[in-house]
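Novice: Sequential numbering of the first sequence, starting at 278, is according to this note's numbering. Please see the structure below; I have some questions.
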Amino acid sequence: MLIATWNVNSLTARLPRVVAWLERNRPEVLLLQETKLADPAFPSAAFEELGYDSAHHGDGRWNGVAVLSRVGLSGVTRGLATAAPTGAAEPRYLAANCGGLRVASVYVPNGREVDHPFFHYKLAWLQQLSQFVQADLSRGELVLGGDFNVAPTDQDVFDPQAFLGATHVTERERSALQAVLNQGLVDLALATGEPAGFTYWDYRQGFFRRGLGMRIDLLLGSAGVAGCLDRVFVDREERSGQRPSDHAPLVAEVSWTSPAGGAPAV
DNA sequence: ATGGCTAAGATGCTTAGA
Numbered sequence: 278m279l280i281a282t283w284n285v286n287s288l289t290a291r292l293p294r295v296v297a298w299l300e301r302n303r304p305e306v307l308l309l310q311e312t313k314l315a316d317p318a319f320p321s322a323a324f325e326e327l328g329y330d331s332a333h334h335g336d337g338r339w340n341g342v343a344v345l346s347r348v349g350l351s352g353v354t355r356g357l358a359t360a361a362p363t364g365a366a367e368p369r370y371l372a373a374n375c376g377g378l379r380v381a382s383v384y385v386p387n388g389r390e391v392d393h394p395f396f397h398y399k400l401a402w403l404q405q406l407s408q409f410v411q412a413d414l415s416r417g418e419l420v421l422g423g424d425f426n427v428a429p430t431d432q433d434v435f436d437p438q439a440f441l442g443a444t445h446v447t448e449r450e451r452s453a454l455q456a457v458l459n460q461g462l463v464d465l466a467l468a469t470g471e472p473a474g475f476t477y478w479d480y481r482q483g484f485f486r487r488g489l490g491m492r493i494d495l496l497l498g499s500a501g502v503a504g505c506l507d508r509v510f511v512d513r514e515e516r517s518g519q520r521p522s523d524h525a526p527l528v529a530e531v532s533w534t535s536p537a538g539g540a541p542a543v
């Protein structure tokens with residue numbers, strides 16, 4: 278079973294690449310972030326033609342998350358409720374039951390600047406995510422995937438010196454991410470003995486060509502998922518060529534089979 | 001690396017990303 282996560286930085290701009298990628302790789306589950314679409318504009322018919330059920334949570338110009346699945350899709354939850362500094366909640370979380378697993382597509386707030394109101398929103402959002410994870414884990418196996426906007430360690434940025442004073446690398450953000458993991462999740466990209474590497478490279482100044490990236494997109498799996506993990510890789514080819522996203526897909530292959538008796542995990 | 005990129009709304013600019 279292939280489970281992938283991809284921040285597409287506008288699904289409208291990236292739809293041809295996403296469709297081609299699905300045709301080539303045929304993942305069972307694809308988690309998308311930054312669709313930048315309102316729900317009525319989500320191209321569910323294009324995915325249905327490829328054999329994928331889908332669910333989307335978006336409200337327009339910013340954010341937007343989706344789950345695509347060709348192993349069933351039910352029990353959709355949209356969230357989280359944490360209010361942004363604007364006063365409104367944002368569409369950054371969508372969970373569903375797919376193939377006997379609970380899966381969730383997450384797009385953690387950026388934070389903008391350390392101690393900016395959006396930085397505190399980011400920390401509060403991660404704290405609420407921990408609660409959602411705790412609830413989901415009590416009901417079955419879980420894969421949480423997405424753009425976490427946190428580099429878990431200094432090894433996850435191209436040069437720690439370049440990030441002094443910046444968001445994504447602070448102790449507070451890393452602790453908030455660790456609290457999510459501490460609910461009982463494993464960082465799958467690190468679990469195979471061959472770390473998967475960077476997932477994001479800035480568009481500017483040839484960062485991708487120069488290897489100047491960050492590992493901020495993660496797939497986090499519960500123990501039962503981590504126990505049947507075969508491999509994890511970043512599809513860096515998707516960061517090159519015409520009109521790429523600034524993120525590449527992160528893909529996990531697991532030897533997962535639904536629980537005996539066909540009972541849903543959640 | 002203090003932003004020489006991209007996307008999108010309604011635009012000859014702003015906001016946002018990280």
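Where a beta carbon is used, it is the ideal one built from N, C-alpha and C, also for glycine. These numbers were taken from a predicted model, which means no experiment stands behind them.
Taking one C-beta from the region 494 to 506 and one from the region 432 to 452 each time, how about it: are there three or more such pairs within less than 8 Å?
Specialist: Short answer: they don't touch.
Novice: Closest to V427 by CA distance: which of L371, T476 and V295 is it?
Specialist: Mapped onto the first sequence, residue 427 falls at position 150. It is T476 whose Cα lies nearest to the Cα of V427.
Novice: Got a sec? Which residues, its chain only, sit under 6 Å from Q411 by beta carbon, not counting five neighbours each side?
Specialist: Stepping through the first sequence from its first residue, residue 411 is reached at position 134. Q460.
Novice: For L314 and V342, which I take to be in contact (beta-carbon distance under 8 Å), what is that distance rounded to the nearest angstrom?
Specialist: In the first sequence, the residue the question calls residue 314 occupies position 37. In the first sequence, the residue the question calls residue 342 occupies position 65. Not confirmed; about 10 Å, so no contact.
Novice: One question on the structure: do A466 and L496 come within less than 8 Å of each other, judged by their Cβ atoms?
Specialist: To locate residue 466, count along the first sequence from 1; it is residue 189. To locate residue 496, count along the first sequence from 1; it is residue 219. Cβ atoms of A466 and L496: closer than 8 Å.
Novice: Mind reading off the beta-carbon distance from W283 to L299? Whole number of angstroms is fine, and I expect it under 8 Å.
Specialist: By one-based count along the first sequence, residue 283 stands at place 6. By one-based count along the first sequence, residue 299 stands at place 22. W283 to L299, Cβ: 10 Å. No contact.
Novice: Quick one: is P429 buried, meaning 16 or more other Cβ sit within 10 Å of its Cβ, or exposed?
Specialist: As a position in the first sequence, residue 429 is number 152, starting the count at 1. The residue is buried, with at least 16 neighbouring Cβ atoms inside 10 Å.
Novice: Flag this pair as touching only if the region 433 to 445 and the region 507 to 522 have three or more C-beta atom pairs under 8 Å; answer yes or no.
Specialist: Contact between the region 433 to 445 and the region 507 to 522 is absent, because fewer than three Cβ pairs lie under 8 Å.
Novice: For G483, does the three-state DSSP call read helix, strand or coil?
Specialist: Counted from its first residue, the first sequence places residue 483 at position 206. Of the three classes helix, strand and coil, the one that applies to G483 here is helix, per DSSP.
Novice: Contact defined as beta carbons within less than 8 Å: I believe R492 pairs with G474. What is the distance between those atoms, to the nearest angstrom?
Specialist: As a working mapping, residue 492 is identified with position 215 in the first sequence. As a working mapping, residue 474 is identified with position 197 in the first sequence. Confirmed, Cβ separation roughly 7 Å.
Novice: Keeping to the same chain, check which residues put their C-beta closer than 8 Å to that of W402; ignore five residues upstream and five downstream.
Specialist: Here residue 402 is taken as the residue at index 125 of the first sequence, counted from 1. Closer than 8 Å at the Cβ level, and outside the excluded window around W402, lie L357, T359, R369, V385 and P386.
Novice: Per DSSP, what kind of secondary structure is L467 in: helix, strand or coil?
Specialist: Locating residue 467 in the first sequence gives position 190, where the first residue counts as 1. The answer is helix: DSSP assigns L467 an H, G or I state.
Novice: Terminal residues of the continuous alpha helix (DSSP H) containing G501?
Specialist: The sequence position of residue 501 within the first sequence is 224, counting from 1. A500 to A503 is the extent of the alpha helix (DSSP H) around G501.
Novice: List, from N- to C-terminal side, the beta strand (DSSP E) runs of 3 residues or more that fit wholly inside the region 368 to 442.
Specialist: Listed in chain order, they are 370 to 375, 378 to 384 and 419 to 424.
Novice: Looking only at C-alpha atoms, which of L454, I280 and W478 sits nearest to V380?
Specialist: Within the first sequence, numbered from 1, the residue matching residue 380 stands at position 103. Comparing Cα-Cα distances from V380 to each of L454, I280 and W478, the minimum goes to I280.
Novice: Give the range of the beta strand (DSSP E) segment to which E530 is assigned.
Specialist: As a first step, residue 530 must be located in the first sequence, where it is residue number 253. Note, E530: beta strand (DSSP E), L527 to V531.
Novice: Determine, using beta carbons only, whether S522 and R301 come nearer to each other than 8 Å.
Specialist: What you label residue 522 is simply residue 245 of the first sequence in a count that begins at 1. What you label residue 301 is simply residue 24 of the first sequence in a count that begins at 1. Result no, Cβ atoms of S522 and R301 do not sit closer than 8 Å.
Novice: Given that a residue counts as buried once 16 or more other Cβ atoms are within 10 Å of its Cβ, and exposed if not, what is A365?
Specialist: Mapped onto the first sequence, residue 365 falls at position 88. Per the 10 Å Cβ criterion, exposed.
Novice: Would A332 pass as a contact of L371 if the rule is Cβ separation under 8 Å?
Specialist: If you number the first sequence from 1, residue 332 lands on position 55. If you number the first sequence from 1, residue 371 lands on position 94. Their beta carbons are under 8 Å apart, which means A332 touches L371 by this criterion.
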